[in-house]
Amino acid sequence: MILAAFFDASRITDEGIAIAGTGLLIVFAALILITLFIAALPRILEAVAKVLPEVPDRHAVPDPSESLLPDDAVLAAIGFVLHSELQKQVEAAGNTN
Amino acid sequence: MSNLLDFLGTTGFVSITWENLIMILVGIVFIFLAIKKDYEPLLLVPIGMGAIVGNIPTVPSMALSVYDDGSVLQYLYFGVSHGIYPPLIFLGIGAMTDFSTMLSNPKLVLLGAAAQVGVFLTFLGALALGFTLEEAGAIGIIGGADGPTSIFLSSRLAPKLLGPIAIAAYSYMALVPVIQPPIMKLLTSREERLIRMKPPRKVSSREKMIFPVAAFLICTMIAPGAIVLLGMMFFGNLLKESLVTERLAATARTAMIDIVTILLGFCVGASTQADTFLTKQSMLIFGLGALSFAVATAGGVLFAKFMNLFLEDKINPLVGAAGVSAVPDSARVVQMVGQQEDPHNFLLMHAMAPNVAGVIGSAVAAGVLWAVLS
């Protein structure tokens with residue numbers, strides 16, 4: 001409502017329209033170029049890897065999701081301990097009753 | 098006795114105006130929204146407290162307010178008025194940002210560009226409301242939904258409007274969960290909101306390291322005005338992704354960005370003195386700000402629908418709404434609206450791609466407007 005009261009489309013100059021159109025075009029151009037670059041990047045790296053193979057990085061941080069994944073033996077041990085503790089508690093509860 | 102009377106004449110009770118009281122109330126509302134509703138508390142609490150501080154009437158002979166030469170607040174405000182704080186915040190944002198989702202699905206970058214239609218339509222709207230070209234440029238960038246970018250550009254193009262523009266940008270960023278969902282639902286069908294997108298591929302660390310340098314070169318060769326903001330953001334990201342400067346990245350994304358956010362938020366709040374802030378121009382800027390967020394959201398959603406006309410793997414059009422930056426709130430809104438239709442549809446990681454692309458897009462838009470209008 002407030003905006004409508006003061007709005008006068010005739011104030012929009014040709015220069016203003018040109019700036020808006022050009023500006024939007026430039027933003028699109030920049031982001032389209034980024035899109036094309038990102039899309040091409042895996043192929044570029046694949047080609048580079050043939051000349052310069054990727055060596056394990058001494059600074060690389062191990063993937064926590066991988067390192068924290070317990071293997072079957074650890075899972076079995078955890079299960080055994082939980083089962084034993086539960087049994088003890090059940091027996092202790094039986095004795096007090 | 099006369100000393101006592103003189104002193105009483107300097108107290109706030111004597112010189113406070115109803116305009117000051119309104120602004121103090123606005124500050125209290127900001128703090129309430131931050132604490133009670135959890136709307137951008139890291140920003141609204143400093144801004145709200147700053148607004149209260151800035152609207153206590155000062156003694157003319159004492160340098161106290163941000164506009165008084167030699168006052169402590171003016172020295173702190175220097176970082177706002179000279180555009181120093183925004184690039185430092187961008188450094189922290191870069192050190193926080195993970196571009197993986199964007200790198201794994203590059204077509205989503207275009208949604209970040211489409212949402213910038215909000216910037217340029219608001220620019221035209223501001224011209225129609227009688228603002229000058231420079232002022233219109235500074236107001237238009239509110240549509241980028243990026244507080245630091247808005248402050249940076251208005252400090253360059255229209256320093257007199259910095260207060261209202263900053264407050265409008267941050268207020269509407271806080272209100273993203275209120276503004277966006279109705280527009281998103283209005284422009285999409287239920288079937289579209291149910292679209293599930295392919296999970297993103299794993300991105301190699303080489304890609305992540307190369308991207309900040311390459312993206313910086315691409316953007317700033319096209320729009321050199323964006324050098325400061327994008328330079329700092331991509332520098333921060335390189336600190337993170339290079340894996341050899343983790344200490345610097347950690348500082349940039351924690352202590353440093355927090356300190357700058359405190360200073361920036363408080364100073365912006367303190368600059369909202371009633372006599373300079375409560376004007377017709379400010380009201381028009383607030384109106385345009387709301388409109389710009391709505392237009393930007395619609396731009397992103399409609400462009401996603403347009404892209405779907407040509408794509409085999411359809412994009413959920415809700416994701417387009419995240420192109421308005423406002424990281425990460427608009428991405429969270431996408432997730433929330435998507436889960437209202439399908440609780441097992443996880444759109445958050447997909448929405449982060451246009452979200453960070455929107456940050457780049459709005460910085461490029463700011464660079465273009467600065468270059469053309471200065």
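Protein chains in written order, with the working numbering: chain A, 1 to 97; chain B, 98 to 471.
Note that the Cβ used here is the ideal one computed from N, Cα and C, for glycine as well.
Run down chain B in chain order and give the residues with a C-beta less than 7 Å from the C-beta of Arg11 (chain A).
Reading the first sequence from its first residue, position 11 is the one you call residue 11 (chain A). Ordered by position in chain B, the residues that pass the 7 Å Cβ test against Arg11 (chain A) are Leu224, Ala225, Gly227.
Looking only at its own chain, which residues have a Cβ that is under 6 Å from the Cβ of Asn97 (chain A), when we skip the five neighbours before and after it?
Stepping through the first sequence from its first residue, residue 97 (chain A) is reached at position 97. Confidence at Asn97 (chain A) is low in this model, with a pLDDT of 49, below 50, so its placement is unreliable and no value can be given for it.
Residue environment, Met449 (chain B), which counts as buried when at least 16 other CB atoms sit within 10 Å
Start at 1 with the first residue of the second sequence, and residue 449 (chain B) comes out as number 352. Its Cβ being crowded by 16 or more others within 10 Å, Met449 (chain B) is buried.
Buried versus exposed call for Glu85 (chain A) [16 or more other C-beta atoms within 10 Å across all chains shown]
As a first step, residue 85 (chain A) must be located in the first sequence, where it is residue number 85. Exposed, since its Cβ has fewer than 16 Cβ neighbours within 10 Å.
Show which residues of chain B have a CB atom less than 9 Å away from the CB atom of Asp14 (chain A).
Here the question's residue 14 (chain A) lines up with position 14 in the first sequence. What Asp14 (chain A) touches in chain B: nothing, since even the nearest Cβ is about 11 Å away.
Using a Cβ cut-off of 9 Å, pull out every chain D residue sitting near Phe220 (chain B), in sequence order please.
This model lacks chain D altogether, as its protein chains are A and B.
I want to see whether chain A comes within less than 8 Å of Pro203 (chain B), judged by CB atoms only; does it?
Taking the first residue of the second sequence as 1, we reach residue 203 (chain B) at position 106. Output row for Pro203 (chain B): interface = yes.
Determine the closest residue to Met294 (chain B) out of B:Asn413, B:Tyr136, B:Ser112, with distance taken between C-alpha atoms.
Stepping through the second sequence from its first residue, residue 294 (chain B) is reached at position 197. The candidate whose alpha carbon is nearest that of Met294 (chain B) is B:Asn413.
Name the chain B residues that come within less than 7 Å of Glu54 (chain A), Cβ to Cβ?
Numbered from 1 along the first sequence, position 54 holds the residue referred to as residue 54 (chain A). Arg303, listed in chain order.
Simplified DSSP assignment, three categories, for Lys295 (chain B)
Translated into the one-based positions of the second sequence, residue 295 (chain B) becomes position 198. Here Lys295 (chain B) sits in coil by DSSP.
Tell me which residue opens and which closes the alpha helix (DSSP H) that Gln55 (chain B) is part of.
Since the displayed chain B opens at 98 and closes at 471, residue 55 (chain B) lies outside it and no answer follows.
Whose C-alpha, out of B:Trp467, B:Ser168, B:Ile149, B:Val357, is nearest the C-alpha of Val325 (chain B)?
For the purposes of this step, residue 325 (chain B) is taken as residue 228 along the second sequence, with counting starting at 1. Nearest C-alpha to Val325 (chain B): B:Trp467.
Can you tell which of B:Ser112, B:Val392, B:Pro203, B:Pro451 has its C-alpha closest to the C-alpha of Arg298 (chain B)?
In the second sequence, residue 298 (chain B) corresponds to position 201, counting from 1. Comparing Cα-Cα distances from Arg298 (chain B) to each of B:Ser112, B:Val392, B:Pro203, B:Pro451, the minimum goes to B:Pro203.
Could you have a look at Thr342 (chain B) and say whether DSSP puts it in helix, strand or coil?
Within the second sequence, the letter at position 245 stands for residue 342 (chain B). It is coil, neither helix nor strand.
Name the residues in the stretch 69-95 of chain A whose C-beta lies less than 9 Å from a C-beta of chain B; which are they?
none
Taking buried to mean at least 16 other C-beta atoms within 10 Å of its own C-beta, is Met159 (chain B) buried or exposed?
Indexing the second sequence from 1 puts residue 159 (chain B) at position 62. Answer is exposed; the Cβ neighbour count stays below 16.
Using alpha carbons as the reference points, say which of B:Ile382, B:Gly176, B:Arg303 lies closest to Leu52 (chain A).
Along the first sequence, one-based indexing puts residue 52 (chain A) at 52. When each option's Cα is compared against that of Leu52 (chain A), the closest is B:Arg303.
Taking 8 Å as the threshold (beta carbon to beta carbon), is Asn97 (chain A) in contact with chain B?
Position 97 of the first sequence, counted from the first residue, corresponds to residue 97 (chain A). Residue placement at Asn97 (chain A) cannot be trusted, given a pLDDT of 49 that sits under 50; what the coordinates show is reported in the next sentence. Not closer than 8 Å to any Cβ of chain B, the Cβ of Asn97 (chain A) fails to qualify, so no.
Straight-line Cα distance separating His83 (chain A) from Met146 (chain B):
Residue mapping note: residue 146 (chain B) aligns to position 49 of the second sequence, counting from 1. Residue mapping note: residue 83 (chain A) aligns to position 83 of the first sequence, counting from 1. If I take the Cα positions, the gap works out to 56 Å.
Are there 16 or more other CB atoms within 10 angstroms of the CB of Gln87 (chain A), so buried, or fewer, so exposed?
As a first step, residue 87 (chain A) is located in the first sequence; it is residue number 87 there, counting from the start. It counts as exposed.
Am I right that Ala371 (chain B) and Asn100 (chain B) are in contact with their C-beta atoms under 8 Å? What's the rounded C-beta distance?
Your numbering for residue 371 (chain B) matches position 274 in the second sequence. Your numbering for residue 100 (chain B) matches position 3 in the second sequence. Wrong, their Cβ atoms sit about 29 Å apart, outside the cutoff.
So what's Asp372 (chain B) in DSSP terms, helix, strand or just coil?
As a working mapping, residue 372 (chain B) is identified with position 275 in the second sequence. If DSSP states are grouped into helix, strand and coil, Asp372 (chain B) belongs with the helices.
If you follow the alpha helix (DSSP H) that His447 (chain B) is in, where does it begin and where does it stop?
As a position in the second sequence, residue 447 (chain B) is number 350, starting the count at 1. Note, His447 (chain B): alpha helix (DSSP H), 445-470.
Three-state secondary structure (DSSP) of Gln213 (chain B)
Along the second sequence, read from residue 1 onward, the residue named residue 213 (chain B) stands at position 116. Reduced to three states, the DSSP call for Gln213 (chain B) is coil.
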